[in-house]
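Reading through the structure tokens given below for one structure.
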Amino acid sequence: QWFLELFQKGLRDSDPDNENRDQRILNINNYFTYAIYKNVCRSLFEKDKLLLSFTMVCRMLEIDPAPMRFLLTGGIDSESVSQSPLSWLPTQTWKMVCRAQQLPSMAWLPEHIQQHPDAWRSFYDSNSPHDGPHPAPAERLNAEGGGDLLTELIIMRLLRPDKLVPVVKAFVTKHLGKKFTEPPLFNLGQIFCDSGEPWVPLVFVLSAGFDPLAELTLFAEEQGMNKRMETLSLGQGMGKRAAETMLLGRQQGLWILLQN
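Residue 62 in UniProt numbering sits at position 62 of the sequence shown, and the numbers go up by one each step.
Okay, structure coming up:
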């Protein structure tokens, strides 16, 4: 029901273009994609919002599950891998690089690192490897050259996992736009409008340093509902009273705030 209502809102509110059917479809898709992101973001902790954007990109691009699985898990360990041939590269990291050969699009990587050790060491030691020139051949970083859409992310995971987040942000920005890496700020008025119908409940997930009560009270005053809002703290034995309060709110058009 929620998904359907959000889609219908996209049909109503997206930029109309009655002269061009293809443009109209594109407008609806763009509006709906961002509406999904914006609305789901409200239910996520800050650390999980970029993962939502990344997941959306991968679904839209129909990413091959094999490189995605490798990006998430690091592949299957192999006991046959020898010690690192490079003094600056830890053996554990080298083993992960060798495991990347499980992917056809990454089979070139171990040999290329050994053939161009200086370039790869500069990348490995850099404070911002995601901003400088990439040591991998350009054709290996795109699908046209036999690479994969996730090749650059996999390389960063192998060699500099501490810099994976900015690379993921760049990946999302490239395919969806910068606004999908900038979660909307908490706006109770906008959330209330987007809820669609007055009987749709708003659930606040509390986190450290955030108490929605003050903002909700202020919003109720702005809406002229401050004297028509009932607040009830839930606890043992309060179920019956909560049900009665909900019924009263439905009959009299009140706002009911249940605090757990």
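Glycine included, C-beta positions come from ideal geometry on N, C-alpha and C.
Small disclaimer: the values here were computed from a predicted structure and weren't measured.
Coil, strand or helix - residue i by DSSP
{"i": "L213", "result": "helix"}
{"i": "I256", "result": "strand"}
{"i": "R12", "result": "helix"}
{"i": "L89", "result": "coil"}
{"i": "E62", "result": "coil"}
{"i": "L232", "result": "strand"}
{"i": "W2", "result": "helix"}
{"i": "N27", "result": "helix"}
{"i": "residue 261", "result": "Summary: the structure shown does not reach residue 261, with the chain confined to residues 1 through 260, and so no result is reported for it."}
{"i": "F186", "result": "coil"}
{"i": "A35", "result": "helix"}
{"i": "P116", "result": "The sequence as given places His at residue 116; Pro does not occur at that position. Correct three-state label for H116: coil."}
{"i": "D17", "result": "coil"}
{"i": "L72", "result": "helix"}
{"i": "F45", "result": "coil"}
{"i": "K169", "result": "helix"}
{"i": "L248", "result": "helix"}
{"i": "K227", "result": "coil"}
{"i": "F99", "result": "The sequence as given places Arg at residue 99; Phe does not occur at that position. Of the three classes helix, strand and coil, the one that applies to R99 here is helix, per DSSP."}
{"i": "D77", "result": "coil"}
For residue j and residue i, the rounded distance between their alpha carbons
{"i": "F186", "j": "R99", "result": "43 angstroms"}
{"i": "Q236", "j": "L141", "result": "59 angstroms"}
{"i": "M246", "j": "R42", "result": "24 angstroms"}
{"i": "N127", "j": "L109", "result": "22 angstroms"}
{"i": "Q114", "j": "L103", "result": "18 angstroms"}
{"i": "A170", "j": "V203", "result": "32 angstroms"}
{"i": "R241", "j": "L188", "result": "27 angstroms"}
{"i": "Q23", "j": "N30", "result": "10 angstroms"}
{"i": "E46", "j": "P184", "result": "11 angstroms"}
{"i": "E222", "j": "Q190", "result": "13 angstroms"}
{"i": "I28", "j": "M68", "result": "28 angstroms"}
{"i": "R10", "j": "D125", "result": "It should be noted that the sequence gives Gly, not Arg, for residue 10. If you take the alpha carbons of G10 and D125, they lie about 47 angstroms apart."}
{"i": "Q1", "j": "P161", "result": "40 angstroms"}
{"i": "G249", "j": "P198", "result": "11 angstroms"}
{"i": "Q251", "j": "K38", "result": "32 angstroms"}
{"i": "E19", "j": "I63", "result": "34 angstroms"}
{"i": "S122", "j": "G132", "result": "10 angstroms"}
{"i": "M156", "j": "T33", "result": "28 angstroms"}
{"i": "F3", "j": "E111", "result": "48 angstroms"}
{"i": "V40", "j": "A119", "result": "41 angstroms"}
{"i": "L26", "j": "K178", "result": "18 angstroms"}
{"i": "A243", "j": "D48", "result": "34 angstroms"}
{"i": "R21", "j": "Q8", "result": "18 angstroms"}
Residue j beta carbon less than 7 angstroms from that of residue i
{"i": "K163", "j": "P129", "result": "yes"}
{"i": "M229", "j": "W255", "result": "yes"}
{"i": "L218", "j": "N260", "result": "no"}
{"i": "V167", "j": "L176", "result": "no"}
{"i": "L71", "j": "A35", "result": "no"}
{"i": "T91", "j": "Q101", "result": "no"}
{"i": "T151", "j": "S195", "result": "no"}
{"i": "S53", "j": "F180", "result": "yes"}
{"i": "V165", "j": "V57", "result": "no"}
{"i": "L216", "j": "L258", "result": "no"}
Sequence-distant residues of the same chain with beta carbon closer than 8 angstroms to residue i, five excluded per side
{"i": "L206", "result": "P212"}
{"i": "M96", "result": "G74, G75, L158"}
{"i": "D77", "result": "K95, R99"}
{"i": "L50", "result": "V165, V168, K169, V172, T181"}
{"i": "N226", "result": "T217, A220"}
Beta-carbon proximity list for residue i, same chain, < 7 angstroms, skipping 5 on both sides
{"i": "A107", "result": "Q101"}
{"i": "A66", "result": "L103"}
{"i": "L44", "result": "L52"}
Cutoff 6 angstroms; reference residue i; Cβ partners in own chain excluding five residues on either side
{"i": "G145", "result": "Below a pLDDT of 50, predicted positions are generally treated as unreliable, and G145, at 44, falls in that range; the measurement from the model is reported next regardless. Only E139 meet the Cβ criterion."}
{"i": "G253", "result": "none"}
Original post:
Taking contact to mean at least 3 C-beta pairs separated by less than 8 angstroms, is the segment 11-27 in contact with the segment 129-136?
Top reply: Contact fails between the segment 11-27 and the segment 129-136, because fewer than three Cβ pairs, one in each stretch, are under 8 angstroms apart.
Original post:
Counting pairs of beta carbons, one from the segment 198-212 and one from the segment 85-95, are three or more of them closer than 8 angstroms?
Top reply: The segment 198-212, when compared against the segment 85-95, does not touch it at the 8 angstroms Cβ threshold.
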